[in-house]
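Numbering (this note's numbering), first residue to last: -17 to 773.
Below you'll find the structure, written out as structure tokens, and then a few comments.
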């Protein structure tokens, strides 16, 4: 008997859509990107080109679905963006709010997300006052409603080029204010179901901390519950450096192992396959929240639900379609997830592995060969994302992934699950497993620490711009296409060569870049100035910024204490692809000028360290000298009269003279002719030192003055300004600093002398980009001229 015509039509449509949902998922991404960029010319052109490609490539049914997917996501995201605006609440206000995320205690800091009665989301931050209070706050959990008193603060955008934009990150979570809590009271519990799940997760994390110790506890929480808070920063750094950090997040392999284990247990307990599948469909979404609901966890969980649902109804679905449908579901639930790095890493790697599995995996080849192919494919898929956001890769990443993926997925994870499960029923057996687990992790960590000392363990390329990231994607797509097609195998080497050529071009780009720059980094209350000449003929750094490390008790210490060097200076250098500094010039020994020097020395190759010639050096300067000697870095003691020339650039040290008494007046003062302008860098020079300069040099005129001592009223005298006659004055100063810098008197003096004023506290990083004797100033933060009162 023939099937009815209608059934044939439906079957035909279903077959047409098989393996076509990937196109719809990509169309949804184009729609979201176009809406998020406010329909910029680039995004609209890219979306239109993709629509044309789908029209040429697909049949009518799949093409219409792609078009609908793009349009719906564009309209939906545009509407969300229109409503995702900050409220105009007063800065100081008491409010009642419910905690909607698991509170995180890190040293003396408590943080969480809360939602007010007006449905406004806030990022809440509280400084813990005592160890007793810290212990009591462990009972705080999602779903609690409290009365808070504190002060709102607007999130800050990225203040340096190439740095993380915290304001944009919070915007994508619909958060527009940081609420600094001064006190809270009247707490009671009124959780929703999902908040209750988060509170259960918090209790589960605490259970692991109470019943396990050391690396065993931290890895159980990371691999089972998706919480890396207990993993030490040193171990995380090792995983990051070697391209293994994704293994510390719950991924598809983790979910697969967990589902397989649960499925096996249920069948052994007498459940039918259908019953086991239904139970898993209920458990997986619950576990997704228990595991933190990060994009990688959600992706793996939703994909599993799609596949199991199809199995339950005896429907066939390919891995590509299951992954694509899960992507569409996630993007419709929250379009901003598209810009999450975890989402991009997870989907790009998984999509490529599924798409290429039939060609890169073969039963005729050895397991090791197949594992190598999988590792190479995953690394290639994630390469554009890595270079775009981090600007660096590890050449050993493929090898270490080949070892650590099976090690963590099939040895450490099962041991973690067994230890956790048995701790509730057979604690003595759990302790034996914990001993084995701790031993294996200890050996693993030692291997990683030793591997960090391998030569060239980190290749710095600099962050790839969007257009270059697109080029990487195209070249890698071509490489996969010829790799998969047996008829085109001969093109694998040329395609691979094209990728290597692109990587080499990016790596060597600084040596062909005709533009140089002078950048005043925003390091808070301090100085850090980076100078790079065109074609990378010379790289110099004047001071590094830094801060005095205040002593803290053990309970106050945070996992990752803020460091100007590790969190601002070194990331900036790496984002720009800077691998060497020819001269590290440290003007004087104050912590806000040299405090981050050791971090720079340990992260970047330095040719020589230049300090001022004087009778004695501070403890911090002596530590820097010792660190430089240990690394074999040449040390130069500079005084007035030291000069050097590099191509068209000219540098001259004007002071110290060796007679100054005050530390600030012992600052190295550097005059330079770079980029068609004359620059005067004055460190923390004060009036007495300025007078000595004026009397010692007939010509001190300069186009740009780096204002001395962050705009203190004891510096930048009328006499100096009359002599220098700067057209531009740059003040490196901390936002809301406790010294009141820059003083209004200094600003008035600069205005009287007609200098345009740029300030790092208002403008963020300030850079002068030049070529062939001409250049222009740019700032990281666009600032309203009328409000700034610069001119």
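Where a beta carbon is used, it is the ideal one built from N, C-alpha and C, also for glycine.
In this text, all values refer to a predicted model and were calculated from it rather than measured experimentally.
Coarse secondary structure for residue i, derived from DSSP in three states
i: residue 378; result: coil
i: residue 760; result: strand
i: residue 623; result: coil
i: residue 93; result: strand
i: residue 451; result: helix
i: residue 436; result: coil
i: residue 639; result: coil
i: residue 234; result: helix
i: residue 43; result: helix
i: residue 211; result: coil
i: residue 445; result: coil
i: residue 588; result: strand
i: residue 644; result: coil
i: residue 355; result: helix
i: residue 166; result: strand
i: residue 383; result: helix
i: residue 497; result: coil
i: residue 417; result: helix
i: residue 603; result: helix
i: residue 284; result: helix
i: residue 131; result: strand
i: residue 250; result: helix
i: residue 721; result: coil
i: residue 503; result: coil
i: residue 195; result: coil
i: residue 154; result: coil
i: residue 615; result: coil
i: residue 754; result: coil
For residue i, the nearest candidate out of the options (CA to CA)
i: residue 153; options: 108, 317 and 247; result: 317
i: residue 593; options: 582, 117 and 618; result: 618
i: residue 282; options: 293, 128, 270 and 291; result: 270
i: residue 325; options: 240, 306 and 703; result: 306
i: residue 156; options: 65, 561, 199 and 228; result: 65
i: residue 85; options: 68, 334 and 105; result: 105
i: residue 96; options: 298, 273, 127 and 431; result: 127
i: residue 615; options: 623, 606 and 621; result: 606
i: residue 12; options: 624, 32 and 276; result: 32
i: residue 201; options: 494, 285 and 390; result: 390
i: residue 322; options: 676, 415, 392 and 150; result: 150
i: residue 727; options: 706, 700 and 738; result: 700
i: residue 359; options: 61, 336 and 658; result: 336
i: residue 586; options: 526, 636 and 571; result: 526
CB contact flag (residue i, residue j, <9 angstroms)
i: residue 439; j: residue 187; result: no
i: residue 109; j: residue 90; result: yes
i: residue 747; j: residue 502; result: yes
i: residue 499; j: residue 246; result: no
i: residue 477; j: residue 460; result: yes
i: residue 745; j: residue 719; result: no
i: residue 581; j: residue 547; result: yes
i: residue 650; j: residue 568; result: yes
i: residue 522; j: residue 564; result: yes
i: residue 735; j: residue 693; result: no
i: residue 524; j: residue 752; result: no
i: residue 363; j: residue 264; result: no
i: residue 220; j: residue 433; result: yes
i: residue 646; j: residue 673; result: no
i: residue 185; j: residue 255; result: no
i: residue 48; j: residue 21; result: no
i: residue 369; j: residue 488; result: yes
i: residue 119; j: residue 99; result: no
Minimum Cβ-Cβ distance from residue i to chain C less than 9 angstroms
i: residue 482; result: Within the model displayed, chain C is absent; a lone protein chain is all it includes.
Worksheet item: Per the contact definition of three or more C-beta pairs closer than 8 angstroms, is the segment 374 to 392 in contact with the segment 440 to 454?
Response: yes
Fill in: Unbroken stretches of the beta strand (DSSP E), 3 residues or longer, contained in the segment 516 to 559
521 to 524
Fill in: the segment 532 to 540 contacting the segment 573 to 589, beta-carbon criterion three pairs below 8 angstroms
no
Discussion item. For a minimum of 3 consecutive residues, which ranges assigned as the beta strand (DSSP E) are wholly contained in the segment 661 to 694?
Written reply: 686 to 688
Discussion item. Contact between the segment 198 to 215 and the segment 152 to 167 is defined here as three or more beta-carbon pairs at a separation below 8 angstroms; is this criterion met?
Written reply: no
Worksheet entry | At least 3 beta-carbon pairs within less than 8 angstroms: the segment 140 to 152 vs the segment 539 to 555 | yes
Worksheet item: Is the segment 50 to 66 in contact with the segment 13 to 32, if contact means three or more CB pairs nearer than 8 angstroms?
Response: yes
Item to complete: Would you check if there are 3 or more beta carbon pairs closer than 8 angstroms linking the segment 324 to 332 to the segment 286 to 297?
Response: no
Practice prompt. Decide if the segment 685 to 693 is in contact with the segment 702 to 717; the criterion is three or more beta carbon pairs, one per stretch, under 8 angstroms apart.
Written response: yes
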